[in-house]
Amino acid sequence: MPKNLIGKLRTAPPVDSTMGIDDDDNPFTDADYARLVVEAYEHARRANAYTPPSGDPDVDMVTEIRGLYQGSKHGVGFQEHVAAGGEVTGIVKRFAGSMRTLDIRSTRIASQQPNDDFVFHATARAPVETNRLSANIIVNSLVSQAGARIIITEDRPSPMVGDIIAYYSDAGVFRLVEAASFAHIPDGDEVAESAHPFFNSLISMGDSFAYAFRTKVTRKQLRDVGGNSTMDALSSAITLGLANLADRVLLAEILRNTPGEYSVAKAASRGLRFHELNALVGTAGSGAVVENGKLNVSGIRAELTSASTDTVIGAFNRCAVAIYPIVQVMMERTNLNGDMLVTSWVNMVPLVPDPSAFWTVS
């Protein structure tokens, strides 16, 4: 359930603003809260404004997007207020469309090929098979292929005991553990204190950035090749876009720490093994060399990416991207012609606990 909706429900009755506890004269019981939640879900369902994720591992993304399109193309931008007796007493402006929430952990996407012999899709990335969205992000993300972890976070429950509402921070940790540094200590000498042999990055989705994609699909585009085929293509495009976004988010965080110039000596001094190193060549093409049909940078295997201008070399197995499990897709009918405005939202957090394991190449 959206946090903003929970907040509104919990602050609905009179409360003691200094303590966050319901006023004794107006007790707000668990039963009252449960009733409001049920009513809110029912109201949202009728308004096509929110669809809770089913959690069913067999939910198909293409089917969901097709259903979203079918429901949105009949959307109206108003809702009549009907009083007792059937008289319309007012008109309220509303969202002319609908929304789906897709759980990355359980939503699957079928083949990119539509079920007909007239429209064919082609992409520059690995074909999307009948796998969960999380698996497709891992397959198509360049930083993932270079060794970075893709972490799909869990939605944390909101704490509530009786009538007391608690506000707290519940962050996870991505921890990089290194070997402890042992040293010879002559008899009589004290043992020197070493730095912790681990590095932490907090996983706090409450502090994450929101990313969105929006495009307009005209009625002519839908009619030219069929609405379902266009929705299938959008499903594939969103999936591949999530993988690209993971690349951009992580590379931007690495470069934000202004890594130095790469050298073998620096990698050795950092305690890295050669097989840990991978290179991603940015749009400037710095340091890229092709030998025998293989791309490399300073002898390190490499791949091209449009997610960065600079060329980055490093131990990508020491970093990660945390992704909030819910992807929201909205469709809004924008005019009487049937044009659709498609918007998708997702939250990601880059996790680079040890920036010293990365360098750039001029």
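Just so we're on the same page, the working numbering is the position in the sequence shown counted from 1, plus 2. Ideal Cβ placement from N, Cα and C applies to all residues, glycine included. Just so we're clear, the structure is a prediction, and the values are computed from it rather than from any experiment.
CB of P355 within 8 angstroms of CB of E255, strictly: Residue 355 sits at position 353 when you count from the first residue of the sequence shown. Residue 255 sits at position 253 when you count from the first residue of the sequence shown. No. Outside cutoff.
First through last residue of the beta strand (DSSP E) which encompasses L135: Working through the sequence shown from its first residue, we reach residue 135 at position 133. No beta strand (DSSP E) contains L135, which is instead part of the alpha helix (DSSP H) from 135-142.
Residue burial classification, N138 (beta-carbon count within 10 angstroms, cutoff 16): Position 136 of the sequence shown, counted from the start, is the residue given in the question as residue 138. Buried is the call here.
Pair within 8 angstroms by beta-carbon distance, A309 and L253: Residue numbering aside, residue 309 sits at position 307 when the sequence shown is read from its first letter. Residue numbering aside, residue 253 sits at position 251 when the sequence shown is read from its first letter. For A309 and L253, yes; Cβs fall inside 8 angstroms.
Three-state secondary structure (DSSP) of I154: By one-based count along the sequence shown, residue 154 stands at place 152. Three-state result, I154: strand.
Per-residue DSSP class, three states only, for L338: Translated into the one-based positions of the sequence shown, residue 338 becomes position 336. It is coil, neither helix nor strand.
Three CB pairs or more closer than 8 angstroms across the segment 329-341 and the segment 62-77: Contact between the segment 329-341 and the segment 62-77 is established, with three or more Cβ pairs separated by less than 8 angstroms.
Sequence-distant residues of its chain with Cβ nearer than 8 angstroms to M350 (five each side left out): Counting from 1 along the sequence shown, the entry for residue 350 is found at position 348. Cβ within range, chain order: S210, F211, Y213, L247, A248, V251, V323, A324, I325, Y326.
Where P261 falls: helix, strand or coil (DSSP): Translated into the one-based positions of the sequence shown, residue 261 becomes position 259. Correct three-state label for P261: coil.
Where F318 falls: helix, strand or coil (DSSP): Taking the sequence shown and counting its residues from 1, the one referred to as residue 318 is at position 316. Three-state DSSP puts F318 in a helix.
A317 vs L279 beta-carbon contact at 8 angstroms: Reading the sequence shown from its first residue, position 315 is the one you call residue 317. Reading the sequence shown from its first residue, position 277 is the one you call residue 279. At the C-beta level, A317 and L279 come within 8 angstroms of one another.
Which of helix, strand or coil DSSP assigns to K95: Locating residue 95 in the sequence shown gives position 93, where the first residue counts as 1. Assigned with DSSP and collapsed to three states, K95 falls in strand.
I111 (DSSP reduced to helix, strand or coil): Taking the sequence shown and counting its residues from 1, one reaches residue 111 at position 109. Here I111 sits in strand by DSSP.
Counterpart residues of V299 in DSSP-defined beta bridges: Counting from one through the sequence shown, the residue named residue 299 turns up at place 297. Residue pairing of V299 in beta bridges, as defined by DSSP: A290, I302.
Cβ-Cβ separation, A359 to R320 (assumed contact under 8 angstroms), whole Å: As a position in the sequence shown, residue 320 is number 318, starting the count at 1. As a position in the sequence shown, residue 359 is number 357, starting the count at 1. Between A359 and R320 the Cβ distance is about 5 angstroms, and since that is below 8 angstroms, they are a contact.
Outcome for E104 when other beta-carbon atoms lying within 10 angstroms are tallied against a minimum of 16: Indexing the sequence shown from 1 puts residue 104 at position 102. The question names Glu, but residue 104 is Leu in the sequence shown. With 16 or more Cβ atoms within 10 Å of its Cβ, L104 is classed as buried.
According to DSSP, residues forming a beta bridge with Y377: Any property of residue 377 remains undetermined from this structure, which presents the chain solely from 3 to 364.
Classification of V78 by the beta-carbon crowding that lies within 10 angstroms, buried from 16 upward: If you number the sequence shown from 1, residue 78 lands on position 76. Under this definition V78 is an exposed residue.
Whole-angstrom distance between G340 and T220, CA atom to CA atom: Against the sequence shown, residue 220 aligns to sequence position 218. Against the sequence shown, residue 340 aligns to sequence position 338. Annotation: T220 to G340 spans about 7 angstroms, alpha carbon to alpha carbon.
Local Cβ density within 10 Å of V363, reported as buried at 16 or more and exposed below that: Your numbering for residue 363 matches position 361 in the sequence shown. By the neighbour-count definition (other C-beta atoms within 10 Å, threshold 16), V363 is a buried residue.
Cα-Cα separation between T241 and M342, rounded to whole angstroms: As a working note, residue 241 is residue 239 in the sequence shown. As a working note, residue 342 is residue 340 in the sequence shown. Straight through space, the alpha carbons of M342 and T241 are spaced by roughly 19 angstroms.
Burial state of S136 (16 or more Cβ within 10 Å): By 1-based counting over the sequence shown, the position of residue 136 is 134. Result: buried.
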